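Student: I have a structure I would like to understand better, so I am pasting it below and will then ask my questions one at a time.
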Amino acid sequence: MSANFSQKALSTTAGYIDALGKIVENITNIKSVGYKKGETTFIETLNGEAQKHTTRDFSQGMLRRTGDALDIALEGNGFFEVELPDGQTGYTRAGQFKLSSEGELVTSDGYRVLPQTEQDPKVFEEAKDGTINVKVNTPKFLIPADAAPEILQDGTVNTTNQETGEKRKIGKISVVAFNNPNGLESIGKGYYLQTKTSGLAQEIKTGPDTSTKVKQGYLEYGNVDLATEFMNLSQMKNILSAHFKVLKTLDKIYENVNFTISRAV
Amino acid sequence: MTNTNPYGQTINGMLKKIKMLEAISKNILNINSIGYKREIPESLSFKSVLEKEAALRDNSQGQLKRTGNTFDIAIEGNAHFLTETKDGLIPSRSGRFHLNENGDLVTIEGDKVVIVEKTDKRINLALESEIKINERGEIIINNEKYGRLAIEVLDNKPVKVHQGFIEGSNINIMTEMASMSILYRSIEASEKALGMEASVDRDLIEKYGRNV
Numbered sequence: 002m003s004a005n006f007s008q009k010a011l012s013t014t015a016g017y018i019d020a021l022g023k024i025v026e027n028i029t030n031i032k033s034v035g036y037k038k039g040e041t042t043f044i045e046t047l048n049g050e051a052q053k054h055t056t057r058d059f060s061q062g063m064l065r066r067t068g069d070a071l072d073i074a075l076e077g078n079g080f081f082e083v084e085l086p087d088g089q090t091g092y093t094r095a096g097q098f099k100l101s102s103e104g105e106l107v108t109s110d111g112y113r114v115l116p117q118t119e120q121d122p123k124v125f126e127e128a129k130d131g132t133i134n135v136k137v138n139t140p141k142f143l144i145p146a147d148a149a150p151e152i153l154q155d156g157t158v159n160t161t162n163q164e165t166g167e168k169r170k171i172g173k174i175s176v177v178a179f180n181n182p183n184g185l186e187s188i189g190k191g192y193y194l195q196t197k198t199s200g201l202a203q204e205i206k207t208g209p210d211t212s213t214k215v216k217q218g219y220l221e222y223g224n225v226d227l228a229t230e231f232m233n234l235s236q237m238k239n240i241l242s243a244h245f246k247v248l249k250t251l252d253k254i255y256e257n258v259n260f261t262i263s264r265a266v
Numbered sequence: 007m008t009n010t011n012p013y014g015q016t017i018n019g020m021l022k023k024i025k026m027l028e029a030i031s032k033n034i035l036n037i038n039s040i041g042y043k044r045e046i047p048e049s050l051s052f053k054s055v056l057e058k059e060a061a062l063r064d065n066s067q068g069q070l071k072r073t074g075n076t077f078d079i080a081i082e083g084n085a086h087f088l089t090e091t092k093d094g095l096i097p098s099r100s101g102r103f104h105l106n107e108n109g110d111l112v113t114i115e116g117d118k119v120v121i122v123e124k125t126d127k128r129i130n131l132a133l134e135s136e137i138k139i140n141e142r143g144e145i146i147i148n149n150e151k152y153g154r155l156a157i158e159v160l161d162n163k164p165v166k167v168h169q170g171f172i173e174g175s176n177i178n179i180m181t182e183m184a185s186m187s188i189l190y191r192s193i194e195a196s197e198k199a200l201g202m203e204a205s206v207d208r209d210l211i212e213k214y215g216r217n218v
């Protein structure tokens, strides 16, 4: 009878405690570049408990002007492509880029930013003994230290030679989108990995006339609204105390039943 | 004693009250669930308790909360969306949708939302930025109709669809807490009555059994 029911109450309460944790995470990351807030949705299941679903809200975060030539923000849908140290492709919206010691465009953690490629980056090489080696040849973003990089709204990176004033195209930053960004696997620090549920990475159009723009000199901060988070926090707290009251009532009923029945015997 | 089974009625009463308490606890647990409808803690007959009959639901409108997300859709009025599950079409009012890996509109549990009058054009919703859903539930992309959300209307009253909103539950925590404490006291009273009946029996046995 109600033994089963207090179990339901308990699991719902546990879900709410997790939701509180998510809110704390959101508030902590309010200034994190490229952070997307976590949301918890509760839905009634067939047996009456409230099941929690954690999703990420990929809506636009606030853009702040920094003036740094290598701070790049995305306005609209999409992710930058980066190469993780283990060779996998990661996706991020944190555009706080810098130059590596070799003059290559890397993220703040030193991961290479991948440019758009026209041809297949895989190169097949036949070795002397007849085996075929596959070499992945991704073009690099090499920016000379003396040239000022200029990034257009469609992601094209140009450099201007300080002496001659000559412009040279270096490459185009690759911007991709997913059918279901919620299915991406978060690996921390604002990096995501493609999964089965996210769908494949699709290249999207960027530029002044499209919905996605690459903005130089801006950073995208977390899309967290402090007022909403605090409102949710206090609401969750009150709901949790209501849940504790339910548990307490069930406990008291057990206590009374035991007391009455033990006295009657 | 005139009544042969004095405990039966009291226990039945307690069972019913516990059933009511379950309904109230369910309401309190689901106070934040999207589209949840209040279960009415009604004192059901003992027979229906045994048969686990479906409880009565209060189908009044829940509060609409603004979220601003494109695929958060709330229904105003007595109607629901239809979702495709492995058990066939299932009605749902929890309108927090998103896209799955194939670009289909799905509910938070991953069930496909039924869209009727769909265009033949191949449009990937994930790559579109201007998606509007009007009050009739029609999805409009760049001023062109993409399709219409299948909505089952349950009465004659007008139904409106709101984009960027979610429907909260229609529960008032005040009422639920008050009825929970009243019910708790009432269960306590039943227990007292049970104890009293038991002690009456015990006294009778002790008093008249002594002479035998």
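Protein chains in written order, with my numbering: chain V, 2 to 266; chain X, 7 to 218.
Ideal placement from N, C-alpha and C gives every residue a C-beta, glycine not left out.
Bear in mind the structure is a predicted one, so any value in this text is a computation, not a measurement.
Starting from Ile44 of chain V and walking both ways along the beta strand (DSSP E), at which residues does that stretch end?
Tutor: Locating residue 44 of chain V in the first sequence gives position 43, where the first residue counts as 1. Bounds of the beta strand (DSSP E) holding Ile44 of chain V are 39 to 45.
Student: Give the C-beta separation of Ile121 of chain X and Gly153 of chain X to the nearest angstrom, bearing in mind that I take them to be a contact with Cβ-Cβ under 8 Å.
Tutor: In the second sequence, counting from the first residue as 1, residue 121 of chain X sits at position 115. In the second sequence, counting from the first residue as 1, residue 153 of chain X sits at position 147. Rounded, the Cβ-Cβ distance is 4 Å, consistent with contact.
Student: With respect to the alpha helix (DSSP H) encompassing Arg208 of chain X, which residues constitute its N-terminal and C-terminal limits?
Tutor: Against the second sequence, residue 208 of chain X aligns to sequence position 202. Here the alpha helix (DSSP H) through Arg208 of chain X covers 179 to 215.
Student: Quick one: does Ala80 of chain X have its CB under 8 Å from some CB of chain V?
Tutor: Translated into the one-based positions of the second sequence, residue 80 of chain X becomes position 74. It does not: the Cβ of Ala80 of chain X has no partner Cβ on chain V nearer than 8 Å.
Student: I'd like to know if the region 143 to 163 of chain X and the region 70 to 77 of chain X are in contact, where contact means that at least 3 CB-CB pairs between them fall below 8 Å.
Tutor: no
Student: Since Val177 of chain V and Ile34 of chain X are thought to touch, with beta carbons under 8 Å apart, how far apart are those beta carbons, to the nearest angstrom?
Tutor: As a first step, residue 177 of chain V is located in the first sequence; it is residue number 176 there, counting from the start. As a first step, residue 34 of chain X is located in the second sequence; it is residue number 28 there, counting from the start. The pair is not a contact, with the Cβ atoms about 44 Å apart (cut-off 8 Å).
Student: I want to verify the contact list: residues of chain X whose CB lies under 7 Å from the CB of Ser187 of chain V, in sequence order.
Tutor: Numbered from its first residue, the first sequence carries residue 187 of chain V at position 186. Within chain X, no residue has its beta carbon less than 7 Å from that of Ser187 of chain V; the closest one is some 16 Å off.
Student: Can you give the Cα-Cα distance for Ile144 of chain V and Leu100 of chain V, rounded to whole angstroms?
Tutor: For the purposes of this step, residue 144 of chain V is taken as the residue at position 143 of the first sequence. For the purposes of this step, residue 100 of chain V is taken as the residue at position 99 of the first sequence. Their backbone Cα atoms lie some 8 Å apart in a straight line.
Student: Over what stretch of residues does the beta strand (DSSP E) that includes Glu84 of chain V continue unbroken?
Tutor: The residue given as residue 84 of chain V occupies position 83 in the first sequence. Segment 80 to 84, the beta strand (DSSP E) holding Glu84 of chain V.
Student: Along the chain, where does the beta strand (DSSP E) containing Glu151 of chain V start, and where does it finish?
Tutor: As a working note, residue 151 of chain V is residue 150 in the first sequence. Unbroken beta strand (DSSP E) run through Glu151 of chain V: 149 to 152.
Student: When Cβ atoms are compared, which residues of the region 40 to 71 of chain V fall closer than 8 Å to chain X?
Tutor: Thr42, Phe43, Ile44, Glu45, Gly49, Glu50, Ala51, His54, Thr56, Asp58, Ser60
Student: Along chain B, in chain order, which residues have C-beta atoms closer than 9 Å to that of Gln203 of chain V?
Tutor: In the structure shown, chain B cannot be found, because the protein chains are V and X.
Student: Is the beta carbon of Val51 of chain V less than 8 Å from the beta carbon of Asn130 of chain X?
Tutor: Locating residue 51 of chain V in the first sequence gives position 50, where the first residue counts as 1. Locating residue 130 of chain X in the second sequence gives position 124, where the first residue counts as 1. As written in the sequence, residue 51 of chain V is Ala, which differs from the Val given in the question. Contact check for Ala51 of chain V against Asn130 of chain X fails: the beta carbons are separated by 8 Å or more.
Student: Is it buried or exposed for Met7 of chain X, if we count other Cβ within 10 angstroms and need 16 for buried?
Tutor: Within the second sequence, residue 7 of chain X is the residue found at index 1, counting from 1. Interpretation of Met7 of chain X is limited by its pLDDT of 48, a score under 50 that renders its predicted location unreliable; no figure is taken from the coordinates.
Student: Note down, in chain order, every chain X residue with its Cβ under 8 Å from the Cβ of Ile254 of chain V.
Tutor: Within the first sequence, residue 254 of chain V is the residue found at index 253, counting from 1. Within chain X, Ile24, Leu27, Tyr190, Ile193 have C-beta atoms less than 8 Å from the C-beta of Ile254 of chain V, given in sequence order.
Student: Taking Cβ to Cβ, would you say Leu210 of chain X is nearer than 8 Å to Thr16 of chain X?
Tutor: Numbered from 1 along the second sequence, position 204 holds the residue referred to as residue 210 of chain X. Numbered from 1 along the second sequence, position 10 holds the residue referred to as residue 16 of chain X. Their beta carbons are not under 8 Å apart, which means Leu210 of chain X does not touch Thr16 of chain X by this criterion.
Student: Let me check one thing: in DSSP terms, what residues is Asp161 of chain X bridge-paired to?
Tutor: Walking along the second sequence from the start, residue 161 of chain X turns up at place 155. According to DSSP, Asp161 of chain X bridges with nothing at all.
Student: For the candidate residues X:Lys32, X:Asn11, X:Asn18, whose alpha-carbon lies nearest to that of Leu251 of chain V?
Tutor: Taking the first sequence and counting its residues from 1, the one referred to as residue 251 of chain V is at position 250. If we check each option's Cα against that of Leu251 of chain V, X:Lys32 comes out closest.
Student: With a threshold of 8 Å between beta-carbons, can Arg99 of chain X be considered close to chain V, or not?
Tutor: What you label residue 99 of chain X is simply residue 93 of the second sequence in a count that begins at 1. Taking CB atoms only, Arg99 of chain X has no neighbour in chain V less than 8 Å away.
Student: Taking Asn75 of chain X as the query, report the chain V residues whose CB atoms sit under 8 Å from its CB, ordered along the chain.
Tutor: Taking the second sequence and counting its residues from 1, one reaches residue 75 of chain X at position 69. In chain order, Asp58, Ser60 make up the part of chain V whose C-beta sits under 8 Å from the C-beta of Asn75 of chain X.
Student: Using 8 Å as the limit for Cβ to Cβ distance, is Ile240 of chain V near chain X?
Tutor: Residue numbering aside, residue 240 of chain V sits at position 239 when the first sequence is read from its first letter. Cβ-Cβ to chain X under 8 Å: yes for Ile240 of chain V.
Student: Rank V:Thr207, V:Gly49, V:Ser235 by C-alpha distance to the C-alpha of Lys43 of chain X and give the top, closest one.
Tutor: Position 37 of the second sequence holds residue 43 of chain X. The residue with the shortest Cα to Cα distance from Lys43 of chain X is V:Gly49.
Student: Residues of chain X with CB under 8 Å from Asn27 of chain V, in chain order?
Tutor: What you label residue 27 of chain V is simply residue 26 of the first sequence in a count that begins at 1. Within 8 Å Cβ-Cβ: nothing; Asn27 of chain V doesn't reach chain X, min ~15 Å.
Student: By the three-class DSSP mapping on this structure, what secondary structure does Ala29 of chain X have?
Tutor: Stepping through the second sequence from its first residue, residue 29 of chain X is reached at position 23. Helix.
Student: If you scan the region 199 to 233 of chain V from start to end, which runs of the beta strand (DSSP E) of 3 or more residues do you find wholly inside it?
Tutor: Fully enclosed beta strand (DSSP E) runs of 3 or longer: 214 to 217, 219 to 221.
Student: Are the C-beta atoms of Met7 of chain X and some chain V residue less than 8 Å apart?
Tutor: As a working mapping, residue 7 of chain X is identified with position 1 in the second sequence. Low confidence applies here, because Met7 of chain X scores a pLDDT of 48, under 50, leaving its location unreliable and the question unanswered by this model.
Student: Could you check if Asn106 of chain X is buried or exposed, using at least 16 other CB atoms within 10 Å of its CB as the buried criterion?
Tutor: Here residue 106 of chain X corresponds to residue number 100 of the second sequence, with the count starting at 1. Result: buried.
Student: If I follow the unbroken beta strand (DSSP E) through Pro97 of chain X, where does it start and stop?
Tutor: On the second sequence, position 91 is the one that residue 97 of chain X refers to. Pro97 of chain X -> beta strand (DSSP E) spans 94 to 98.
Student: Could you tell me which of V:Pro150, V:Pro86, V:Val225, V:Thr67 sits nearest to Gly104 of chain V, measuring between CA atoms?
Tutor: As a first step, residue 104 of chain V is located in the first sequence; it is residue number 103 there, counting from the start. Nearest of V:Pro150, V:Pro86, V:Val225, V:Thr67 to Gly104 of chain V, Cα basis: V:Pro150.
Student: DSSP three-state label for Lys127 of chain X, please.
Tutor: As a first step, residue 127 of chain X is located in the second sequence; it is residue number 121 there, counting from the start. Note: Lys127 of chain X maps to coil in three-state DSSP.
Student: I'd like to know whether the C-beta of Asn259 of chain V is nearer than 8 Å to at least one C-beta of chain X.
Tutor: Here residue 259 of chain V is taken as the residue at index 258 of the first sequence, counted from 1. Chain X contact via Cβ: absent.
Student: Could you tell me the alpha carbon to alpha carbon distance between Ala70 of chain V and Thr29 of chain V, rounded to whole angstroms?
Tutor: Counted from its first residue, the first sequence places residue 70 of chain V at position 69. Counted from its first residue, the first sequence places residue 29 of chain V at position 28. Each residue's alpha carbon lies about 27 Å from the other.
Student: Express the C-alpha separation of Ser185 of chain X and Leu220 of chain V in angstroms, rounding to a whole number.
Tutor: By one-based count along the first sequence, residue 220 of chain V stands at place 219. By one-based count along the second sequence, residue 185 of chain X stands at place 179. Taking the straight line joining both Cα atoms gives about 52 Å.
Student: In the DSSP assignment, find the unbroken beta strand (DSSP E) run with Gly156 of chain V in it and report its ends.
Tutor: As a first step, residue 156 of chain V is located in the first sequence; it is residue number 155 there, counting from the start. For Gly156 of chain V, no beta strand (DSSP E) run applies, since DSSP gives it neither H nor E.
Student: Please decide whether Asn78 of chain V counts as near chain X, where near means a Cβ-Cβ distance under 8 Å.
Tutor: Position 77 of the first sequence, counting from 1, holds the residue named residue 78 of chain V. For Asn78 of chain V, the answer is yes, since a Cβ of chain X falls inside 8 Å of its Cβ.
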